[in-house]
Amino acid sequence: MNGKDSLGECYLDDLSDCLDCRSASSSDDESDSSSIVIRKRRPVPLIYSDSEDEDMNNNVEDNNDTWSTNDKSIILEPFEGSSGVKIMPSSSESVMDIVNLFIGSDLIEHFVRESNRYHYQIVEKYRITSKTKKWKDVTVTEMKKFLGLIILMGQVKKDILYDYWSTDPSIETPFFSKVMSRNRFLQIMQSWHFCNNNDISPNSHRLVKVQPVIDYFKEKFNNLYKPDQQLSLDECVIPWRGRLSIKTYNPAKITKYGILVRVLSEARTGYVSNFCVYAADGKKLEETVLSVIGPYKNMWHHIYQDNYYNSVNIAKIFLKNKLRLCGTIRKNRGLPQILQTVKLSRGQHQFLRNGNILLQVWNNGKRNVNMISTIHSAQMVESRNRSRTSHCPIQKPISIIDYNKYMKGVDRADQYLSYYSIFRKTKKWTKRVVMFFINCALFNSFKVYTTLNGQKITYKNFLHKAALSLIEDCETEEQ
19 MNGKDSLGEC YLDDLSDCLD CRSASSSDDE SDSSSIVIRK RRPVPLIYSD SEDEDMNNNV
79 EDNNDTWSTN DKSIILEPFE GSSGVKIMPS SSESVMDIVN LFIGSDLIEH FVRESNRYHY
139 QIVEKYRITS KTKKWKDVTV TEMKKFLGLI ILMGQVKKDI LYDYWSTDPS IETPFFSKVM
199 SRNRFLQIMQ SWHFCNNNDI SPNSHRLVKV QPVIDYFKEK FNNLYKPDQQ LSLDECVIPW
259 RGRLSIKTYN PAKITKYGIL VRVLSEARTG YVSNFCVYAA DGKKLEETVL SVIGPYKNMW
319 HHIYQDNYYN SVNIAKIFLK NKLRLCGTIR KNRGLPQILQ TVKLSRGQHQ FLRNGNILLQ
379 VWNNGKRNVN MISTIHSAQM VESRNRSRTS HCPIQKPISI IDYNKYMKGV DRADQYLSYY
439 SIFRKTKKWT KRVVMFFINC ALFNSFKVYT TLNGQKITYK NFLHKAALSL IEDCETEEQ
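One point on numbering: in our numbering, the residue at position 58 of the sequence shown is 76, and numbering is uninterrupted.
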């Protein structure tokens, strides 16, 4: 048996499935490799991400409201929230002090505790002895170094993990072997765990294996920084092609297969304020939206969201919770018949209003764009775009102008998360989810740093300093 095989045999992620065979996620194949076949399993139905909670195409929202062609000026309530950094670091100019706010010693200690526990659960379950003689419990110092190296791997791209410890002069990166041996890094990676498997019951939630980490980051993101009035709600996809009951498929996305995360971001900066991981738990759309926006109700936040989340009914619910919204809307979400069938030429628009709710259709030259807003009037304004024929500014509804301006929050966060991503190939979906949220925590740390100091550093340099600080902090402790 070669060295690579013996390293991983004790901690094969597929072997760990047997330990959790009675858990709620036992039907989920956590392998990202189709070459390993453990046993035949029934196929898991693929969930299309546009129909996760309900069949959206068949869900026609009745609209018995009275609509008028008379517009009115909207008097917007003053914003009642308090935005900005709420918990200050020891030093606002220290990258590591800010990162420690989001990835604290309590989280690292949790990783250490559960990883060591998981190792001994595997040993006890399968009575493994000879293969684990060289095992030593993971320490906090080692876990910090481990996380620091993972962050560096996002900047030093290599296709094969073993290449980071290669001695080939043409590709070697000696810093990695100085920080931690390859074998020890692989041991920690293979035993990296996030919950006590003994606490998992047959009725446990599908996300039980990562729930402690999800709860940790939700609390951090919500409490350390409060966003401005304008928020955007959209979705990110954690790439995953392995067998998993909560995996979704959307052919229109760049990442077609994966774990869906609904993200609420500050529109201006992209700061990830809150999130909800899709778990195929049968929630209605209204419940899903309110669960993400929950911490920001009753402050008159303005929520910009796309047509998957918008409806006339949701607009009413938002107003009751002191929230206003703006975004595109599907025809079957309460759009009156007259607006569904209206024929417009390029630049023309038509609207209907019911109290604070505006429904407006505008033709962009290719198709009709349906909008809903409780923030705007039906006013048309000049945009920066100009007509190709007359060269005059194109008139657009002000709701579309603001939608295009503020809807980019999640896209901005997603763009940063794709830079220097710490995703590593893994057979466990749980590790992929946790790495995604560590990515989010690093991005949020960067946004807090730039808020306190201005744009004095690039995101790449910020991550580099964070990784080195984790590693150097350990070396200082050892001395």
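From the three backbone atoms N, C-alpha and C, an ideal C-beta is built for every residue, glycine too.
At a Cβ-Cβ threshold of 8 Å, K465 and T287 count as neighbours. The alpha-carbon separation between D432 and S291 amounts to approximately 13 Å.
The beta carbon of V310 lies closer than 6 Å to those of R280, L282, N292, C294 in the same chain, with the five residues before and after it left out. Excluding its 5 nearest sequence neighbours in each direction, E400 has C-beta neighbours in its own chain below 7 Å: P411, Q413, listed in chain order. By the C-beta criterion, the stretch 300-320 is judged not to be in contact with the stretch 261-279, since fewer than 3 inter-stretch pairs fall below 8 Å.
Scanning its chain for C-beta atoms nearer than 8 Å, with the 5 sequence neighbours on each side dropped, one finds around N88 the residues R371, in chain order. Counting the other Cβ atoms within 10 Å of the Cβ of G472 gives fewer than 16, which makes it exposed.
Between the alpha carbons of S91 and K443 lies a gap of roughly 54 Å. When secondary structure is reduced to three states using DSSP, I489 falls in the helix class.
Going by C-alpha positions, M425 is about 18 Å away from W380. Just measuring C-alpha positions, the residue of I489, A485, T469, E142 sitting nearest E111 is T469. Within the stretch 327-359, the runs of alpha helix (DSSP H) at least 4 residues long that lie entirely inside it are, in chain order, 330-338, 355-359.
One alpha carbon belongs to I418, the other to Y136, and they sit about 52 Å apart.
Under the three-state reduction of DSSP, H137 is assigned to helix. In this structure, the alpha-carbon of I116 lies about 15 Å from that of L125. Annotation for N388: the continuous beta strand (DSSP E) segment containing it runs 386-391. In terms of Cα proximity to N82, the closest of L353, L167, E237 is L353. Excluding five sequence positions before and after E132, the CB atoms of its chain that fall closer than 7 Å to its own CB belong to H211, F212, C213, N214, given in chain order. The secondary-structure analysis by DSSP pairs G172 with nothing; it has no beta-bridge partner. One thing to note: L435 has its Cβ no nearer than 8 Å to the Cβ of I169. Contact between S199 and G427 does not hold, since the beta-carbon distance rounds to 42 Å and is not under 8 Å. Contact between D491 and K162 holds: CB atoms are separated by about 6 Å, below the 8 Å threshold. Shown here, F441 sits in coil according to DSSP, grouped into three states, outside any helix or strand.
Between Y438 and G172 the beta-carbon gap is near 4 Å, inside 8 Å, which marks them as a contact.
Nearest Cα to L376 within the set R385, G365, C344, Y289: C344.
In the DSSP assignment, F193 falls within the unbroken alpha helix (DSSP H) covering 192-197. A direct Cα-Cα distance of roughly 37 Å separates F194 from A297. CA-CA distance, N241 to W258, rounds to 30 Å. T448 carries a helical assignment under DSSP once its states are collapsed to helix, strand and coil.
Selection L167, S101, S86 evaluated against L486 yields L167 as nearest (Cα-Cα). The straight-line gap separating the alpha-carbon atoms of K175 and F164 is approximately 16 Å. For the pair Y182 and T266, the Cα-to-Cα distance works out to about 33 Å. V228 carries a coil assignment under DSSP once its states are collapsed to helix, strand and coil. For Y275, the enclosing beta strand (DSSP E) starts and ends at 275-284. DSSP places P313 in the helix class (H, G or I) of the three-state scheme. Of the candidates T359, Q248, H223, H223 places its Cα closest to the Cα of I264.
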